[in-house]
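Participant: Note that the protein sequences, when read in sequence, are chains A and V.
Going by the working numbering, the residue at position 145 of the first sequence is 145; the numbering climbs one at a time, nothing skipped.
So the mapping is simple: the working numbering equals the position in the second sequence, first residue as 1, plus 1000.
Yeah, the Cβ is synthetic: ideal placement off N, Cα and C, and Gly gets one too.
Every value quoted in this text rests on a predicted model; they were computed, and no experiment measured them.
Number of protein chains: 2
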Amino acid sequence: MKRLNIAIIGLGNIGSHLFKYLNDNKKILADKNNCQPIVKYVSAKNKNRKRKIKIKKSQWLNNYLDATKLKDVDLIVELIGGSDGAAKKLVFNALKNKKHVVTANKALIAKYGDQLSRIAEKNKVNLEFEASVCGGVPIIRSLKEGLIANKISKIYGIFNGTSNYILSSMDNENKSFQEVLTKAKMLGYAESNPSADLNGDDVSSKLKILSSLCFNSFLNKDIYVEGIKDIDKTDIDNANKLGYKIKLLGFAELLNNKIYQRVHPTLIKKNSYVASIDGVLNAVIVEGKPVGQSIIQGEGAGPAATTSALVSDISSILRGNIKFPFSISSKKRKKIRFEKIDNRPFSAYLRFEVIDKPGVLSNITNIFSKNRVSIKRLVQNPDKNKKSSSIIIVTHNSKDKYLKKIIREISRKGFIKSKPKLIRIDNI
Amino acid sequence: MKRLNIAIIGLGNIGSHLFKYLNDNKKILADKNNCQPIVKYVSAKNKNRKRKIKIKKSQWLNNYLDATKLKDVDLIVELIGGSDGAAKKLVFNALKNKKHVVTANKALIAKYGDQLSRIAEKNKVNLEFEASVCGGVPIIRSLKEGLIANKISKIYGIFNGTSNYILSSMDNENKSFQEVLTKAKMLGYAESNPSADLNGDDVSSKLKILSSLCFNSFLNKDIYVEGIKDIDKTDIDNANKLGYKIKLLGFAELLNNKIYQRVHPTLIKKNSYVASIDGVLNAVIVEGKPVGQSIIQGEGAGPAATTSALVSDISSILRGNIKFPFSISSKKRKKIRFEKIDNRPFSAYLRFEVIDKPGVLSNITNIFSKNRVSIKRLVQNPDKNKKSSSIIIVTHNSKDKYLKKIIREISRKGFIKSKPKLIRIDNI
């Protein structure tokens, strides 16, 4: 039986889980793929850290970059993380030295994926990154293989479990953002520094990768990104009253031959499928021809789910199945002009906290009318004690730039008590 | 560029759709798979039938079996249908003559898949059947590749769009089985002879195939199958009152090292994910380690969705990716003893239409108690005009054989007005 020698670089929770899995499942993987995976080497920053796995002395590499040079390494699994530094060095060198690479590093692929795939193709090795997007959800393999026949017009969904956990807990447990975030950290659903999860960057990286796969395009560096940091309980309650849930969604869509990519909190109808996805789950919805709409849902993070994704990539390499990293050769990938969302129409929810005095409402509605944004629904909730009022407006479809302009203009007014809110509505 | 010559045998709606798709998408498929698909030949029963596709004279085979002999055929797409007869002859001969085979024929694979895969493996050709299970839902490729790392403990879901359309329309549109079936035929959601859809056979074939892939076992010939023919509006209404929906589900599950397979109408909680799947959609839920729960949902039938699946199989062959048809070599597939469901415990819904006279209720509850089936909930709805009564019982978990025994015993009683109902409940 053929063998494939693997080096695992990075031995945190995920690396350790994968190490154990590969040792325990050597036989079944060999049976299924006609080639046996051997964990030949490992390396990590801290050699002496306590780990629940048994590493042989001969397996340890003091210098992780040796994995890219050793003749008895065929495949390197990069689990260091981060778009630059050690991870970048490792993956570039590995591919240059004709080693296959499997990585869970969305930041690296979203930033350097185009360059890396060119090197991989030139050297006829695999660069696989199923684990970088939505953990155990086999979305990349589905786009590259199961749904290969389809011309994709739209991909969207819940790509970040931490944000989704926070939003759904604020809603279901009636708690504030801070309370829920503290609990999420305690449960291990949020990292000690959760900024990439909360500011939308994590979703943005995943969306860039998925988008390239869907539209056969190069990675788009410039997409609209807004996280959940500014969502508060009041907005969630208002959304509920209006028949909506708030979810952090990523969207890439083809409209009139232009591709729009965006990440932002979104009001979606309560009875929609996506609204029902609570907690740390991820869900990806793909619309394509001829297949219609497909949904793939599952565990988006954690060592177990990520191992499932890493092993699917490793198995693909065990079977000797060399594919273009982005589904199509770099020479054939398209330079698509991505559109900013400024001219894309949205219906939107806006909230203004104002001093309760005569003329404020007409002042606000005048600004809407001046910008030709028409109002579908307006609710004014006065708070007599504080002499203030909350004005909630749902608009008809209006270009994004006008919605943002309204926010800018009204922000400057003297009657505004706190930063106005704009949350886009999507009729999915 | 390499080329792969294809013969499409069977040119109904699906065959014609695939023919057109392959002609229109030659270039993108070649770009993605590094090999060009050429539709070299076609054949069908009726040469002169009106079709919306342009077939060249040189493409037509008068004898469909010639495809298995011609040197310039690499891959045969079988779209004849039926487990025996022409389809069987074609696929056996094709594999014996070292032609790759792609088929949408669930009946054939469920019946002869074990034999066929042995021939395919011996001759090192592909036998692919993504399109045979749940149309455009890429469940087979996901099990064989995206989720390859997982030890599956359970797979279940909605595998038949026709039945699901009928059940959800009876519920949502408040119509009888017959009314809805007539409408389903009109809309093309049910065939003129829909018996395989309604009696559960279609789901049974799909479940057999999925089950083999999940548990690395040979096909099980003997599974419990019950269709939706006996479900009436009263049961759907009762289910609603009790907080349930009725769905036709297929299940394959590993419990205490035994595999149970079953197809039957099932009461599931209204707020469960599966209960929300209405109309002709299909949904497959997979539980495995390490990934946890995954869900794949999409269009389960129709020429477009089926083409998506067929092309994913064809693409896999274009890439030269020869795999075991059932994920693992026939030599390694396991002879698992499948358990009948007799000893599996179920909570269940039972309905008895009885003559309204003293002693009937105690007679019924005595039979339950004698069979040690304990009652969780009992509702008696008298119909004074008809001097009859409807007795609805929800049981605690009880072995299936006792539930069936109760039905048999009570059926014989003189006070029974119509065939008693037993619908199992699943807490999914």
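What are the start and end residues of the alpha helix (DSSP H) that includes K274/A?
Facilitator: It is Val, not Lys, that sits at residue 274/A in the sequence shown. First-last for V274/A: undefined, no H or E at that position.
Participant: Does DSSP put V17/A in a helix, a strand or coil?
Facilitator: Here residue 17/A is His; the residue named in the question, Val, does not match the sequence. Residue state, collapsed to three classes: helix.
Participant: According to DSSP, simplified to helix, strand and coil, what is G1200/V?
Facilitator: Here G1200/V sits in coil by DSSP.
Participant: With distances taken from CA atoms, which of K124/A, I53/A, S212/A is nearest K151/A?
Facilitator: Out of K124/A, I53/A, S212/A, S212/A has the C-alpha closest to the C-alpha of K151/A.
Participant: For K405/A, I'd like the list of residues in its chain whose CB is within less than 7 Å of its CB, leaving aside the five on either flank, ordered along the chain.
Facilitator: The residues are N371.
Participant: If we cut at 9 Å on Cβ distances, does S1390/V have a partner in chain A?
Facilitator: No, S1390/V lies away from the interface with chain A (no Cβ there is under 9 Å from its Cβ).
Participant: Which value, in whole angstroms, describes the spacing of the CA atoms of S192/A and K229/A?
Facilitator: Whole-angstrom Cα-Cα distance: 15 Å.
Participant: Any C-beta of chain A sitting closer than 9 Å to the C-beta of N1321/V?
Facilitator: Yes, because at least one Cβ of chain A sits closer than 9 Å to the Cβ of N1321/V.
Participant: Spell out the partners DSSP gives Y1244/V in its beta bridges.
Facilitator: Y1244/V pairs with K1269/V.
Participant: Using a beta-carbon distance below 9 Å, is Y1149/V in contact with chain A?
Facilitator: It should be pointed out that residue 1149/V corresponds to Ala in this sequence rather than to Tyr. So yes, A1149/V belongs to the interface.
Participant: Taking C-beta pairs closer than 9 Å, name the residues in chain A that R1049/V reaches, listed in chain order.
Facilitator: Simply none; closest approach about 22 Å.
Participant: Return the chain-ordered list of same chain residues with a C-beta closer than 8 Å to the C-beta of N1033/V, the five sequence neighbours on each side being excluded.
Facilitator: S1315, L1318, R1319.
Participant: For V1360/V, which of helix, strand or coil comes out of DSSP?
Facilitator: Of the three classes helix, strand and coil, the one that applies to V1360/V here is helix, per DSSP.
Participant: For chain V, is any of its Cβ atoms less than 9 Å away from the one on D115/A?
Facilitator: Inspection of the sequence shows that residue 115/A is occupied by Gln rather than by Asp. So no, Q115/A is outside the interface.
Participant: Which ranges would you report for the alpha helix (DSSP H) in the stretch 350-420 of chain A if only whole runs of at least 4 residues count?
Facilitator: Complete alpha helix (DSSP H) runs here, min 4: 360-370, 400-411.
Participant: Find out if the Cβ-Cβ distance for the pair L1267/V, D1426/V is shorter than 9 Å.
Facilitator: It is a contact, given that the beta carbons lie within the stated cut-off.
Participant: Evaluate contact between the stretch 1320-1334 of chain V and the stretch 1036-1048 of chain V, counting only Cβ atoms and requiring at least three cross-stretch pairs below 8 Å.
Facilitator: No contact exists between the stretch 1320-1334 of chain V and the stretch 1036-1048 of chain V.
Participant: Short of 8 Å Cβ to Cβ, which residues in the stretch 2-13 of chain A face chain V?
Facilitator: The residues in question: there are none.
Participant: Can you list, in chain order, the stretches of the alpha helix (DSSP H) that have 4 or more residues and sit fully within the stretch 101-175 of chain A?
Facilitator: Entirely contained in the stretch 101-175 of chain A, the alpha helix (DSSP H) runs reaching 4 residues are, in chain order, 106-122, 161-172.
Participant: Run through chain V and tell me which residues come within less than 9 Å of I364/A, C-beta to C-beta.
Facilitator: Here the premise fails: no neighbours, minimum Cβ distance about 39 Å.
Participant: Using only CA atoms, which one of D237/A, V286/A, S16/A, I28/A lies nearest to K1429/V?
Facilitator: The displayed coordinates of chain V run from 1001 to 1428. Any statement about residue 1429/V would go beyond what the structure contains.
Participant: Between the Cα of I1336/V and those of F1019/V, V1180/V, C1214/V, spot the shortest distance and give me the residue it belongs to.
Facilitator: Minimum Cα distance to I1336/V is reached at C1214/V.
Participant: Report yes or no: is there a C-beta of chain V within less than 9 Å of the C-beta of P290/A?
Facilitator: So yes, P290/A belongs to the interface.
Participant: Of all the CB atoms in chain A, is at least one closer than 9 Å to the CB of F1324/V?
Facilitator: Closer than 9 Å to some Cβ of chain A, the Cβ of F1324/V qualifies, so yes.
Participant: With a cut-off of 9 Å, does the C-beta of V311/A fall near any C-beta of chain V?
Facilitator: At least one chain V Cβ lies under 9 Å of V311/A.
Participant: Listing by chain order, which chain A residues have their CB less than 8 Å from the CB of Q1293/V?
Facilitator: Within chain A, the residues near Q1293/V are G298, E299.
Participant: Give the C-beta separation of L1210/V and I1277/V to the nearest angstrom, bearing in mind that I take them to be a contact with Cβ-Cβ under 8 Å.
Facilitator: Going by Cβ atoms, the distance from L1210/V to I1277/V rounds to 17 Å, so no, they are not a contact pair.
Participant: What residues from the stretch 1010-1036 of chain V come within 9 Å of chain A, judged by C-beta to C-beta, listed N to C?
Facilitator: Going along the stretch 1010-1036 of chain V in chain order, one finds H1017, Y1021, N1025, I1028, L1029, D1031, K1032, N1033, N1034 with a Cβ nearer than 9 Å to chain A.
Participant: Output the distance between the C-alpha atoms of R264/A and I423/A, rounded to the nearest integer angstrom.
Facilitator: Per the sequence presented here, residue 264/A reads as His, with Arg not at that position. Taking the straight line from one Cα to the other gives about 8 Å.
Participant: How many angstroms separate the CA atom of S1176/V from the CA atom of Y1349/V?
Facilitator: Using only the alpha carbons, I get a separation of about 20 Å.
Participant: With burial defined as no fewer than 16 other Cβ atoms inside 10 Å of the residue's Cβ, what is the status of M186/A: buried or exposed?
Facilitator: Classification for M186/A: exposed.
Participant: Output yes or no for whether 9 Å exceeds the beta carbon distance between A30/A and L75/A.
Facilitator: No, these two residues do not count as a Cβ contact at 9 Å.
Participant: What are the start and end residues of the alpha helix (DSSP H) that includes R314/A?
Facilitator: Sequence inspection shows Ile at residue 314/A; the Arg mentioned does not correspond to that position. It spans 303-318 - the alpha helix (DSSP H) in which I314/A sits, taken as one unbroken run.
Participant: Which of the three DSSP states, helix, strand or coil, is assigned to L181/A?
Facilitator: Note: L181/A maps to helix in three-state DSSP.
Participant: Assuming the contact rule is C-beta atoms closer than 8 Å, P303/A and L1147/V should be a hit. Round their C-beta distance to whole Å, please.
Facilitator: Contact doesn't hold; Cβ gap of about 16 Å is too wide.
Participant: Once you ignore the five residues that flank E1339/V on each side, which residues in its own chain have a CB closer than 6 Å to its CB?
Facilitator: Around E1339/V: K1258, Y1260.
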